[in-house]
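Down below is the structure, laid out as structure tokens.
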Ligand SMILES: [Zn+2]
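Residue numbers (this note's numbering): 1098 to 1330.
Right under this line is the structure:
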């Protein structure tokens, strides 16, 4: 064997060893560039406070997921006039707790509740009566209604995901057959929607009435009529 050939072999082995040793050397990992997630300073959730009303509970203080659409605080009601100064839903404590339980159960099924009217102070009942002095539509203030006791609620239900009300066959405060619970001309869809609301309310201790699909009163010890009005904020 020629010495030059042996030289080449040693060179080759040397290089191979070098390559292998390089491969075994752990490659230093690049220092990860940590992007600091600079989040905007968290705004403290503004905790709403609600005016206290002796003997009543503000439903949104109890359950803020209950949606309010208090029609008598707007002109969008059957009188076409504002009856309350500001929107709010107050109920007697046991009634409020029962309504919150309805909401909790329905929300598990993807359904929310929206209230149109709750406690209605007697002066508001008087204003309604002054606009529409017809006992077929408005309870005379002297007699008083379950709303004046804080024991009734007008409400509907909505699909939470779609944020759309479930059609009930008539608008709120529609005075006619289509609003009746025993009306036979309703579509199956409307019957189903009303049943969802009805079953949930009955289970929580409420009762409905024949002429208004939206009206439920609490079946418990009767609270007295009240004239106290809430403070606007
Ligand atoms: Zn009602």
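Built from N, CA and C at the ideal position, the CB exists for glycine as well.
Enumerate in chain order the residues of its own chain whose CB-to-CB distance from residue i is below 8 Å, with the five nearest sequence positions on each side excluded.
i, result
"residue 1275", "1266, 1267, 1282 and 1283"
"residue 1205", "none"
"residue 1331", "The shown model of the chain, from 1098 to 1330, leaves out residue 1331, and the question about it has no answer."
"residue 1258", "1207"
"residue 1163", "1156, 1157, 1186, 1196, 1197, 1200, 1209, 1210, 1211 and 1212"
Given a cut-off of 8 Å, decide if residue j and residue i are closer than it, judged by their beta-carbon atoms.
i, j, result
"residue 1196", "residue 1156", "yes"
"residue 1084", "residue 1307", "Because residue 1084 is not part of the residues shown, which for the chain are 1098 to 1330, the question remains open."
"residue 1270", "residue 1263", "no"
"residue 1252", "residue 1210", "yes"
"residue 1208", "residue 1187", "no"
"residue 1322", "residue 1201", "no"
"residue 1148", "residue 1330", "yes"
"residue 1170", "residue 1179", "yes"
"residue 1254", "residue 1299", "no"
"residue 1228", "residue 1176", "yes"
Is there at least one non-hydrogen atom of ligand 1 closer than 7 Å to the beta-carbon of residue i?
i, result
"residue 1221", "no"
"residue 1290", "no"
"residue 1214", "yes"
"residue 1173", "no"
"residue 1309", "yes"
"residue 1276", "no"
"residue 1295", "no"
"residue 1251", "yes"
So is residue i buried or exposed if we call it buried at 16+ other beta carbons inside 10 Å?
i, result
"residue 1235", "buried"
"residue 1285", "exposed"
"residue 1320", "buried"
"residue 1296", "exposed"
"residue 1231", "exposed"
"residue 1183", "exposed"
Tell me which same chain residues have a C-beta within less than 7 Å of the C-beta of residue i, skipping the five on either side of it?
i, result
"residue 1324", "1218, 1219 and 1220"
"residue 1317", "1191 and 1302"
"residue 1238", "1219, 1222, 1223 and 1226"
"residue 1199", "1210, 1297, 1298 and 1301"
"residue 1159", "1193 and 1197"
"residue 1287", "1264, 1265 and 1266"
"residue 1150", "1187, 1325 and 1327"
"residue 1304", "1313, 1314 and 1316"
Please return the same chain residues whose Cβ sits closer than 6 Å to the Cβ of residue i, not counting the five positions on each side in sequence.
i, result
"residue 1185", "1327"
"residue 1249", "1243 and 1314"
"residue 1168", "1174 and 1213"
"residue 1309", "1276"
"residue 1241", "1322"
Practice task
Kindly provide the ranges of any alpha helix (DSSP H) runs that are 4 or more residues long and lie completely inside the region 1183-1271, ordered along the chain.
Solution key: Scanning the region 1183-1271 for uninterrupted alpha helix (DSSP H) segments of 4 residues or longer gives 1190-1204 and 1219-1228, listed from N- to C-terminal end.
Handout entry: Entirely enclosed beta strand (DSSP E) segments - the region 1273-1327, minimum 3 residues
Key = Uninterrupted beta strand (DSSP E) stretches at least 3 residues long and entirely within the region 1273-1327 occur at 1303-1305 and 1312-1315, given in chain order.
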